[in-house]
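If you read the sequence shown in full-length UniProt numbering, its first letter stands for residue 1, the second for the next number, and so on.
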Amino acid sequence: MTISQQHTPVVIVGAGPSGLMMAAQLLRYGVQPVIIDSRQGPTSHSKALAVQARSMEIYRQMGIIDKVLIDGKRGGGVQFNQEGEEVAGLSLSNVGEAQTAFPFIQMYPQSKNERLLLDFITLNCCPVYWNTSLLSLNQNTEKVTLQLQSGEDKQTITCDWLIGADGAHSTVRKQLNIPFNGDTYQHQFYLADIKIDADFGDKVNLFLSKKGFAGFFPMPDERSYRVVGNLPDAFDKKDELQIEEALPHLREVTKQQIIVEQTNWFTTYRLHHRMADKFREQRCFLIGDAAHIHSPVGGQGMNTGLQDAYNLAWKLAGIVNNQLKASVLDSYAQERMPVAKDLLNTTDRIFKMILSRNWFINLLKKYLLPVVLKWVWSKPHLREAFFKRVSQTGIAYRDSSINLNLSHASQIKAGDRLPYLKVFDEKRQLETDLHEWCSKPGFTLICLGKLKEIDLFTLAKWITQNYGASLNFFYLPPSTKNQHIFDAFDVKENQKKALIIRPDMHIGFLNDVVDIDMMDNYLLNVAGVVHGL
């Protein structure tokens, strides 16, 4: 399929979850990208399985969360087994209660995520050019020139910006000569989507033994599981391994007579933990697996890629639409690289402990781990901290150059994700929430406290004359039913607070007064908004 336009604002290479999210977000802001992929079509394999709360918040903002909830399955918890015996069980049922509208982990395979996002971009008249590969790229200060191949046909197109969402073996990253540093785990692993004769319920079952490990992750269909495990050293050099050959080892690890009734997918692979030295090179960006890959611990990979796209898209759309200064793009790597680095280090440490054959580590896993897990889970504040990390709702950009904190509040600061707090709308007598207030594209100004009518009129006039639809406005006066919001933001009696929420639902500006000059300064000189929109 030949791409009709010779020049386009944005080209996305890779139509996996990260690339599709990038396209979907750009479309929300009125930017029509070109998205290509060397594959014949979307994946039919489940691959990544867990959708975390932060990703579901994004899907909700896009208006497509219902399908994720209907077609997925809640993870009920995690059960730890040592040599076939249960040693600890952790319930994940509403573990993040009051932190998010989605206080759970949703099992919703990568194939379904891709289909969901494909439907979204198709409805917005954005096709994916399948069977189209990137052969080479060259860039200068003005544009990026790409040579593409589709079947026997070659084509040259140009774009203003290029997004590399083309996975661990990224052609974009290689063309840019960006190092991808890290290592490969020594063990070989297998991944299977199977239906079995046993029912482990809605919990993730992790089996640890001297022989290795295996994890059973519940799929939406009955008695269907994603199984991940390590293979014996004897299989390291063996090609074309079949599931029947892996079953004896699985039974040894689980101490259970697993009978496979149906195999939907089976593959073997090696795991890597690597990160690109840079997430940006001039007019080119890396997102998702093209920028970082790590172990599957905690179901973080796909979700991190979705959020890379979510972070970058509004900034890039602002540049394309001449609404933001180009300097805003520097904040993408500034914000997302520390997240990727922290994730790599955390998952690597946990994964190495799980796989360790060291006798002392195995003793710790057998006797100390169950005690520690039960103790941690008995403490509400530790459960909350665990959920914040796994759900990715705890990710903050406090050190970012596009945020400004002028508040004395100690718990919430500029750069934090906007907390999920329910709001009672006194006028309409309806319950809503702060995230719902941020459902429209653009920045959102929220003023807390008692404002005079003339002040509200002045604010509305300032927004209309200077920012128009790019700055949405909400006002919340004090009331008994909304006191929890004032408490959360440490708003004292007779005090006011101004929040400007970025399009990605992170707090960009937080101030203990409602001052137009200060907000103007933030939007124009810190957030990089172009005046006179």
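The C-beta atom is built at its ideal place from N, Cα and C for all residues, glycine as well. Everything numeric in this text was worked out from a predicted model, so none of it was measured.
Residue j beta carbon less than 8 Å from that of residue i
{"i": "Asn264", "j": "Asp197", "result": "no"}
{"i": "Cys126", "j": "Ile258", "result": "no"}
{"i": "Leu451", "j": "Tyr475", "result": "yes"}
{"i": "Thr304", "j": "Ala340", "result": "yes"}
{"i": "Thr171", "j": "Glu114", "result": "no"}
{"i": "residue 534", "j": "Arg54", "result": "Examination of residue 534 is not possible in this model, given that the chain is present from 1 through 533 alone."}
{"i": "Asp342", "j": "Ser401", "result": "no"}
{"i": "Ile163", "j": "Ile287", "result": "yes"}
{"i": "Asp233", "j": "Val128", "result": "no"}
{"i": "Met62", "j": "Ala24", "result": "yes"}
{"i": "Trp161", "j": "Val10", "result": "yes"}
{"i": "Met337", "j": "Leu406", "result": "no"}
{"i": "Thr145", "j": "Thr158", "result": "yes"}
{"i": "Arg417", "j": "Met505", "result": "yes"}
{"i": "Tyr310", "j": "Gln99", "result": "no"}
{"i": "Tyr108", "j": "Val31", "result": "no"}
{"i": "Met440", "j": "Asn472", "result": "The sequence shown places Lys at residue 440, not Met. Taking 8 Å as the Cβ cut-off, Lys440 and Asn472 qualify as a contacting pair."}
{"i": "Leu448", "j": "Lys497", "result": "yes"}
{"i": "Gly201", "j": "Leu49", "result": "no"}
{"i": "Ala101", "j": "Tyr190", "result": "no"}
{"i": "Lys325", "j": "Gly508", "result": "no"}
{"i": "Pro220", "j": "Asp119", "result": "no"}
{"i": "Ala165", "j": "Met302", "result": "no"}
Classification of residue i by the beta-carbon crowding that lies within 10 angstroms, buried from 16 upward
{"i": "residue 542", "result": "Coverage of the chain is limited to positions 1 through 533, which leaves residue 542 absent and any answer about it impossible."}
{"i": "Glu152", "result": "exposed"}
{"i": "Arg60", "result": "buried"}
{"i": "Ala469", "result": "exposed"}
{"i": "Asp515", "result": "exposed"}
{"i": "Asn138", "result": "exposed"}
{"i": "Ala460", "result": "exposed"}
{"i": "His484", "result": "exposed"}
{"i": "residue 566", "result": "A query on residue 566 cannot be resolved here, the shown segment of the chain reaching from 1 to 533 and no further."}
{"i": "Asp289", "result": "buried"}
{"i": "Ile105", "result": "buried"}
{"i": "Glu335", "result": "buried"}
{"i": "Ile395", "result": "buried"}
{"i": "residue 601", "result": "Nothing can be reported for residue 601: it is not among the residues displayed for the chain, which extend from 1 to 533."}
{"i": "residue 606", "result": "A question about residue 606 goes unanswered here, because the residues of the chain that appear run from 1 up to 533."}
{"i": "Phe457", "result": "exposed"}
{"i": "Gly41", "result": "exposed"}
{"i": "Val68", "result": "buried"}
{"i": "Thr480", "result": "exposed"}
Range covered by the alpha helix (DSSP H) that runs through residue i
{"i": "Arg251", "result": "243-254"}
{"i": "Leu434", "result": "434-437"}
{"i": "Ile485", "result": "483-488"}
{"i": "Glu384", "result": "380-391"}
{"i": "Asn311", "result": "301-320"}
{"i": "Ala527", "result": "Unbroken run through Ala527: none, as it is neither H nor E."}
{"i": "Val172", "result": "171-175"}
{"i": "Ile516", "result": "516-521"}
{"i": "Leu20", "result": "17-28"}
Those residues which DSSP pairs with residue i across a bridge
{"i": "Pro218", "result": "Tyr225"}
{"i": "Ile293", "result": "Arg274"}
{"i": "Glu281", "result": "Cys284"}
{"i": "Met107", "result": "Ala50, Lys73"}
{"i": "Tyr332", "result": "Answer by DSSP bridge pairing: none, since Tyr332 is not bridged."}
{"i": "residue 571", "result": "No answer is possible for residue 571: the residues shown for the chain start at 1 and end at 533."}
{"i": "Gln262", "result": "Lys195"}
{"i": "Val423", "result": "Thr432"}
{"i": "Gln147", "result": "Ser136, Thr156"}
{"i": "Tyr59", "result": "None; Tyr59 has no bridge partner."}
{"i": "Thr184", "result": "His272"}
{"i": "Gln79", "result": "Gly89, Asn205"}
N-terminal and C-terminal residue of the beta strand (DSSP E) that residue i is part of
{"i": "Ser136", "result": "132-139"}
{"i": "Pro9", "result": "7-13"}
{"i": "Tyr397", "result": "Run containing Tyr397: none; DSSP gives neither H nor E here."}
{"i": "Ala414", "result": "Careful: Ala414 lies outside any beta strand (DSSP E) and carries neither H nor E."}
{"i": "Gln155", "result": "153-164"}
{"i": "Val34", "result": "34-36"}
{"i": "Gly508", "result": "507-511"}
{"i": "Ile501", "result": "497-501"}
Residue i Cβ short of 7 Å to the ligand ADP heavy atom set
{"i": "Gln110", "result": "With respect to the ligand ADP, the structure shown offers nothing to examine, as it has no ligands at all."}
Subject >> Three CB pairs or more closer than 8 Å across the stretch 175-194 and the stretch 213-227 >> reply: With the cut-off at 8 Å, the stretch 175-194 and the stretch 213-227 touch.
Original post:
For the 8 Å Cβ check, are there 3 or more pairs between the stretch 169-184 and the stretch 73-82?
Top reply: As far as the Cβ criterion goes, the stretch 169-184 does not touch the stretch 73-82, which means the pair count is below three.
**OP:** Flag this pair as touching only if the stretch 130-137 and the stretch 288-295 have three or more C-beta atom pairs under 8 Å; answer yes or no.
**Re:** Verdict: no, contact absent.
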